[in-house]
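Numbered per the numbering used here, the sequence shown spans residues 7 to 486. Here a beta-carbon is modelled for each residue, glycine too, at the ideal position from N, C-alpha and C.
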Amino acid sequence: MSNDLNSKDIEKLNCIDYFFNPKTLAIVGGGKKNPLTVSNIILSNALAEGFTGSIYLVDIKPEADIIKGLKVYRSIFDVPEDIDIAMIIVPASVVPMVIEQCIEANVKGAIIITAGFGETLVYNEKNKELEDKILRYIRKSKMRVVGPNCNGVFSQSCNLNATLGPRAILPKSDFSLVTRGGTAGTVMNIEAARRNIGLNKYIGIGDEIDLNLQDFIQYFDRDNNTKVIGAYSEGIKSADSFRGILRNVKKPVVFYKAAESVAGSRAALSHVGALAGQNTSKIFEGVLKQLKIIKADNIDELMDFSIAASIAPKPKGPRIGIWTPGGSMGVIMTDKLEKEGLKVPKLSSEQIEKLNNIIKVEYWSHNNPVDVTDSYNPQSIDKAIQILFESFDGIVVLMGLLLEVDANYSEFSFIDSNLDIFKIFLKQQAKKFKKLIKKYEKPIFIVGDDTSEIAKSYKKNGVIILPTFKRVAKTYNMLY
Numbered sequence: 007m008s009n010d011l012n013s014k015d016i017e018k019l020n021c022i023d024y025f026f027n028p029k030t031l032a033i034v035g036g037g038k039k040n041p042l043t044v045s046n047i048i049l050s051n052a053l054a055e056g057f058t059g060s061i062y063l064v065d066i067k068p069e070a071d072i073i074k075g076l077k078v079y080r081s082i083f084d085v086p087e088d089i090d091i092a093m094i095i096v097p098a099s100v101v102p103m104v105i106e107q108c109i110e111a112n113v114k115g116a117i118i119i120t121a122g123f124g125e126t127l128v129y130n131e132k133n134k135e136l137e138d139k140i141l142r143y144i145r146k147s148k149m150r151v152v153g154p155n156c157n158g159v160f161s162q163s164c165n166l167n168a169t170l171g172p173r174a175i176l177p178k179s180d181f182s183l184v185t186r187g188g189t190a191g192t193v194m195n196i197e198a199a200r201r202n203i204g205l206n207k208y209i210g211i212g213d214e215i216d217l218n219l220q221d222f223i224q225y226f227d228r229d230n231n232t233k234v235i236g237a238y239s240e241g242i243k244s245a246d247s248f249r250g251i252l253r254n255v256k257k258p259v260v261f262y263k264a265a266e267s268v269a270g271s272r273a274a275l276s277h278v279g280a281l282a283g284q285n286t287s288k289i290f291e292g293v294l295k296q297l298k299i300i301k302a303d304n305i306d307e308l309m310d311f312s313i314a315a316s317i318a319p320k321p322k323g324p325r326i327g328i329w330t331p332g333g334s335m336g337v338i339m340t341d342k343l344e345k346e347g348l349k350v351p352k353l354s355s356e357q358i359e360k361l362n363n364i365i366k367v368e369y370w371s372h373n374n375p376v377d378v379t380d381s382y383n384p385q386s387i388d389k390a391i392q393i394l395f396e397s398f399d400g401i402v403v404l405m406g407l408l409l410e411v412d413a414n415y416s417e418f419s420f421i422d423s424n425l426d427i428f429k430i431f432l433k434q435q436a437k438k439f440k441k442l443i444k445k446y447e448k449p450i451f452i453v454g455d456d457t458s459e460i461a462k463s464y465k466k467n468g469v470i471i472l473p474t475f476k477r478v479a480k481t482y483n484m485l486y
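See the structure below:
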């Protein structure tokens with residue numbers, strides 16, 4: 007770890023590394039036969055992902071001796087190997103005892119999936135006492151704890167998917183995510199898979215009894231496999247710690263904070279025990295600006311901003327060139343960009359002359375947006391974009407309809423037998439775009455379906471694809 011850290015920080019970050027690179031994983035409370043129990047959902051996901059380490063099931067009163075081919079041990083002390091991470095899925099009243107046993111067994115870290123602790127303070131003070139008891143145990147030990155009331159962990163490096171919910175089929179990525187809200191985290195995992203964004207690492211931290219949001223942001227900032235950091239929370243427990251750690255973070259952080267309304271604040275208090283609301287949100291927004299953290303207003307923006315920051319160069323300014331095969335789309339795109347405070351300048355006479363040599367009809371727009379109308383020739387797109395790149399800071403290409411070529415809700419019957427050839431052409435076009443992006447170090451945006459098979463080729467080549475004009479404009483503005 008970096009020399010700018012003190013010994014306590016180094017020890018903490020070394021321990022966090024076990025959560026993402028464990029060699030042994032214990033599921034405590036994993037002796038249930040019902041496949042729909044929390045423990046079996048997490049176990050099924052871990053087995054399906056192909057975890058490279060060893061998985062051990064522990065249950066004081068198991069319903070079977072073998073679950074999914076794995077032996078069930080009666081105690082953490084009976085497991086034949088040292089345990090790196092224990093996932094605790096037992097009733098809240100039993101968790102303090104399990105934590106105490108994990109400490110005694112030299113477990114490196116624990117993830118408490120179980121809910122029913124400090125977040126229930128508004129209606130049950132006794133459960134807060136359970137949380138305090140756990141805290142007393144872990145403060146006397148070196149074991150670090152995630153949770154309670156969380157949904158697990160994902161890590162690309164060791165094929166670990168120990169999460170609660172549907173298993174997201176996630177492609178390789180350099181985007182890592184931490185959420186303080188389990189269901190939101192599950193939705194974001196699925197969304198990252200659906201849009202082919204992928205995740206490198208993910209962890210849901212729940213009620214932050216020990217390790218908190220900023221601890222994981224600090225870890226991701228020093229993780230060689232993470233380029234962009236995403237974070238979701240409904241409130242911040244320690245503002246001073248948050249500000250202190252994020253002041254030194256060097257990688258882009260995209261942050262979505264929910265619970266901004268009075269009702270949302272009330273829901274957050276009973277959900278994760280988080281203090282939130284309109285007043286704290288205004289303060290928090292000021293803190294984000296001060297720390298130069300990218301603020302997202304919803305899950306879509308968190309994903310849009312993160313993938314853009316991950317795959318594309320930063321625009322060099324607000325001046326944007328637009329290429330379009332239809333005038334109406336160019337008008338809509340111009341409106342959305344200008345509304346974000348960006349610029350769609352006129353073409354210079356020199357640019358018009360160069361484009362005249364490529365666009366072989368007189369009635370193209372002779373302006374920006376470059377509307378080629380029915381003279382559209384797919385083979386001239388990259389040449390036109392190169393001309394625009396020479397003068398503008400970023401490019402929007404309104405060729406989204408072409409990405410629908412493999413959709414099941416539309417048909418390119420006019421291409422017919424040449425469909426496969428056309429798909430090959432589109433993929434080759436993506437590679438040409440990559441060369442232009444690399445040469446000019448400027449981004450290319452496309453408005454279109456970002457979940458299609460063709461879209462994957464463009465994303466792999468550094469092109470940002472988003473489904474609406476507004477989201478393209480907002481994301482460009484964020485990058486700039």
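Checklist line | Residue range of the unbroken beta strand (DSSP E) whose run includes residue 150 | finding: 150-152
Q. Leaving out five residues before and five after residue 73 in sequence, what residues of the same chain have Cβ atoms less than 8 Å from its Cβ?
A. 36, 37, 38, 39, 46, 49, 63
Taking DSSP's pairing of strands, which residues face residue 210 in a bridge?
In the DSSP assignment, residue 210 forms a beta bridge with 158, 185.
Would you mind sorting residue 458 into buried or exposed? The rule is 16 or more other CB atoms within 10 Å of its CB.
buried
Original post:
Can you tell me whether residue 435 is buried or exposed, with buried defined as 16 or more other CB within 10 angstroms of its CB?
Top reply: Its Cβ being crowded by 16 or more others within 10 Å, residue 435 is buried.
field: residue 405 (DSSP reduced to helix, strand or coil)
entry: Coil.
Worksheet entry | Cα-Cα separation, residue 408 to residue 429 | 9 Å
**Request:** Tell me whether the beta-carbon of residue 553 lies closer than 8 Å to the beta-carbon of residue 55.
**Result:** Because the chain here runs from 7 to 486, residue 553 falls outside it and cannot be looked at.
Margin query: Less than 6 Å between C-beta atoms, sequence neighbours within five positions excluded: which residues of the same chain meet that for residue 122?
Written below: Cβ-Cβ distances below 6 Å link residue 122 to 98, 133 in the same chain, with the five nearest sequence neighbours on each side left out; the list follows chain order.
Can you tell me the Cα-Cα spacing of residue 453 and residue 246, whole angstroms? Their Cα atoms are separated by approximately 40 Å.
- Message: Considering only DSSP beta bridges, list what residue 479 is partnered with.
- Response: BP columns for residue 479 are empty, so no partner.
- Output the boundary residues of the alpha helix (DSSP H) element that contains residue 428. From DSSP, the alpha helix (DSSP H) with residue 428 extends over 425-446.
**Study point:** N- and C-terminal bounds of the alpha helix (DSSP H) containing residue 105
**Key:** Unbroken alpha helix (DSSP H) run through residue 105: 101-110.
inquiry  = Under 8 Å: do the segment 198-211 and the segment 176-185 share three or more Cβ pairs, one atom per stretch?
reply    = Three or more beta-carbon pairs drawn from the segment 198-211 and the segment 176-185 are found closer than 8 Å, and the two stretches are therefore classed as touching.
Which residue's Cα is closest to the Cα of residue 3: 449, 235, 61?
-> Past the edges of the chain, shown from 7 to 486, lies residue 3, and the structure says nothing about it.
- prompt: Given a threshold of 16 other Cβ atoms within 10 Å of its Cβ, counted over all protein chains shown, does residue 333 qualify as buried or as exposed?
  reply: That one is exposed.
So, for residue 248: in the same chain, excluding its five sequence neighbours on each side, which residues have a beta-carbon less than 6 Å away from its beta-carbon? Hits under 6 Å: 220, 242.
* To do: Measure the Cβ-Cβ separation of residue 393 and residue 360 and say whether it is below 8 Å.
  => yes
Original post:
In terms of residue numbering, what span does the alpha helix (DSSP H) encompassing residue 44 cover?
Top reply: Where residue 44 is concerned, the enclosing alpha helix (DSSP H) stretches over 44-55.
Beta-carbon gap between residue 329 and residue 293 smaller than 8 Å = no
- request: Determine, using beta-carbon pairs with one atom in the segment 344-363 and one in the segment 307-315, whether at least three such pairs fall under 8 Å.
  value: Output reads no: the segment 307-315 does not touch the segment 344-363.
Inset, instruction - Please classify residue 336: does DSSP put it in a helix, a strand, or coil? - result: helix
TODO: Within its chain, find whatever has a CB closer than 8 Å to the CB of residue 464; leave out the 5 residues flanking it on each side and keep chain order.
DONE: 409, 436, 439, 452, 471
Exercise for review: Determine which residues share a DSSP beta bridge with residue 327 and list them.
Suggested key: 401
Exercise for the section: Could you tell me how far apart the beta carbons of residue 118 and residue 89 are, in whole angstroms, since I believe they sit closer than 8 Å? Expected result: That pair is no contact at about 15 Å.
| query | Nearest-angstrom Cα distance between residue 163 and residue 81? | reply | Residue 163 and residue 81: Cα-Cα distance of roughly 29 Å.
Between residue 308 and residue 445, what straight-line distance do the alpha-carbon atoms span, to the nearest angstrom?
28 Å
- Is residue 262 helix, strand or coil when you go by DSSP? strand
Cβ of residue 25 within 8 Å of Cβ of residue 159? yes
Distance, residue 194 Cα to residue 297 Cα: Roughly 24 Å separates the two Cα atoms.
Identify which residue in 468, 462, 456, 461 has its Cα closest to the Cα of residue 441.
-> 468
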